[in-house]
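If you count the sequence shown from 1, position 152 lands on 152 in UniProt numbering, and the numbers rise without skipping.
Glycine residues also receive a C-beta, built at the ideal position from the N, C-alpha and C atoms.
Because the structure is a prediction, the values reported are computed rather than measured.
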Amino acid sequence: MSDRHTPVMLDRIVELLTPSCSKHYSKRPIIVDGTLGLGGHSEAILQRIPNVCVIGLDRDTQALALATERLASFGERFLGIHTEYHHIADVIAASDHPLCQQVQQLGINGALYDLGVSSMQLDDDGRGFSYSRNVPLDMRMDATTGVTAADILNTYDARDLAYVFRVYGDEKFASKIAHAVVKERAITPFQESQQLVDLLYRVIPAGARRTGGHPAKRTFQALRVEVNHELDSLQAALPAVLDLLAVGGRAVFMSYQSHEDKLVKREFAAACASRTPVDLPIELPGTRPQYALVNRRAEKADENEIDHNPRSASVRVRVIERLERDAA
Numbered sequence: 001m002s003d004r005h006t007p008v009m010l011d012r013i014v015e016l017l018t019p020s021c022s023k024h025y026s027k028r029p030i031i032v033d034g035t036l037g038l039g040g041h042s043e044a045i046l047q048r049i050p051n052v053c054v055i056g057l058d059r060d061t062q063a064l065a066l067a068t069e070r071l072a073s074f075g076e077r078f079l080g081i082h083t084e085y086h087h088i089a090d091v092i093a094a095s096d097h098p099l100c101q102q103v104q105q106l107g108i109n110g111a112l113y114d115l116g117v118s119s120m121q122l123d124d125d126g127r128g129f130s131y132s133r134n135v136p137l138d139m140r141m142d143a144t145t146g147v148t149a150a151d152i153l154n155t156y157d158a159r160d161l162a163y164v165f166r167v168y169g170d171e172k173f174a175s176k177i178a179h180a181v182v183k184e185r186a187i188t189p190f191q192e193s194q195q196l197v198d199l200l201y202r203v204i205p206a207g208a209r210r211t212g213g214h215p216a217k218r219t220f221q222a223l224r225v226e227v228n229h230e231l232d233s234l235q236a237a238l239p240a241v242l243d244l245l246a247v248g249g250r251a252v253f254m255s256y257q258s259h260e261d262k263l264v265k266r267e268f269a270a271a272c273a274s275r276t277p278v279d280l281p282i283e284l285p286g287t288r289p290q291y292a293l294v295n296r297r298a299e300k301a302d303e304n305e306i307d308h309n310p311r312s313a314s315v316r317v318r319v320i321e322r323l324e325r326d327a328a
């Protein structure tokens, strides 16, 4: 198994979620794994936290099937659901499964969101995430629906393409790349990754290509984010997850890109703020913060893990805990 199949910060993630399960009101605490992938984190959670149950969500039907098979030995302690992770509240509310019914009544003990593309998707040439091999320009996490990266490259105007490359990829040559894409597609529409990689080598100056990793990295990241509406999904998921937390429950978010981490940081800060008017000297009843940060700064993988699992180098882990709920 390659290093990309090793769950990032596995021991620490289980450690962060364990206290919320020990505070639970019943004998079967429930954790939602909103980005199930191949089930590595969920497997460790089920193995190491007594009586815990996991509801695993994934938009990728292939990953969901593999994870469900991997976790079959845990029986009724695991439930897999095919959905995008920001639909968490809707799918639980619509289900009559016993675990979902418990969540409807009591909330969840914990949630884990390991953001970004999964190891399986990176390794599958047919999914189109790779810039190191010539693959179809797809990039859909759910291969059954939605537009592909090729669709975006072949239909967006230069202004919209530049926005995607600049905002989602932090690409400083976004405008040059966008105009080059529009010019090239008029001759040969984009279908495979090598065509885009070759264009990027031509457009990005040689000096800039010598630093910051592969010159295609930022553009491919930006396309992936746009194809899968990743920031929109994250923006919608954050309040939904926090609202589902029971008192004492924790939400763990693992980000690999700066725009994701900034969004999580901002939403967590807002959730932890007092609702008492700033000009009042005392805390009013019912306005105290309902959440608190578990780690004041984002946690990172240590050097030993980075050596053995390079994907962990960019991870930022933020954790929030629910203190109380609004009175009914």
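Using DSSP with H/G/I as helix, E/B as strand and the rest coil, what is Y168? helix
N-terminal and C-terminal residue of the beta strand (DSSP E) that Y201 is part of: Note, Y201: premise wrong, no beta strand (DSSP E); alpha helix (DSSP H) at S193 to V203.
Close-in-space but distant-in-sequence residues of the same chain around A313 (CB under 6 Å, 5 per side omitted): I306
Assuming S255 is part of the beta strand (DSSP E), what are its boundary residues? L245 to S255
Can you name the residues that DSSP bridges to H82? D58
Who does Y113 pair with in a DSSP beta bridge? F253
Assign D3 to one of two classes, buried (16 or more other C-beta atoms within 10 Å of its C-beta) or exposed (fewer than that). Legend: pLDDT at D3 = 41, less than 50; position of this residue unreliable, value from coordinates given subsequently. It counts as exposed.
For the alpha helix (DSSP H) holding D142, just list the boundary residues, first then last. Here D142 belongs to no alpha helix (DSSP H), and DSSP marks it neither H nor E.
Buried or exposed for I55, going by 16 or more other Cβ atoms inside 10 Å? buried
Which residue or residues does DSSP assign as beta-bridge partners of Y291? R322
CB V294 to CB V319, shorter than 8 Å? yes
Is R218 helix, strand or coil by DSSP? helix
Terminal residues of the beta strand (DSSP E) in which V32 lies: I30 to D33
Please state whether the Cβ-Cβ distance between Q290 and R325 is less than 8 Å. yes
Let's test the definition: count the other Cβ atoms within 10 Å of the Cβ of H87 and tell me whether it reaches 16, buried, or not, exposed. buried
Have a look at Q221, L231 and L196 and flag the residue whose alpha-carbon is nearest the alpha-carbon of F165. Q221
Look at the Cβ atom of D142, then the Cβ atom of D60, and state whether they are nearer than 8 Å. yes
With P136 as the anchor, note down where its alpha helix (DSSP H) starts and where it stops. Note, P136: premise wrong, no alpha helix (DSSP H); not H, not E.
Would you mind working out which of E192, C272, F268 and V8 sits nearest L115, comparing C-alpha positions? V8
In chain order, what residues of the same chain lie with their CB nearer than 7 Å to the CB of I204, ignoring the 5 residues before and after it? F173 and P215
Could you give the DSSP three-state label for E305: helix, strand or coil? helix
Does DSSP put E43 in a helix, in a strand, or in coil? helix
Please report the straight-line C-alpha distance between G40 and V264, rounded to a whole angstrom. 23 Å
Which word fits R297, buried or exposed, when buried means at least 16 other C-beta atoms lie within 10 angstroms of its C-beta? exposed
M1 classed as buried or exposed, judged by whether at least 16 other C-beta atoms fall within 10 angstroms: In this prediction, M1 has a pLDDT of 37, which is less than 50 and means its spatial position is unreliable; what the coordinates show is noted afterwards. Burial call: exposed.
Where R296 falls: helix, strand or coil (DSSP): coil
To the nearest angstrom, how far is the alpha carbon of N154 from that of G110? 41 Å
Specify the secondary structure class of I108 as computed by DSSP and reduced to three states. strand
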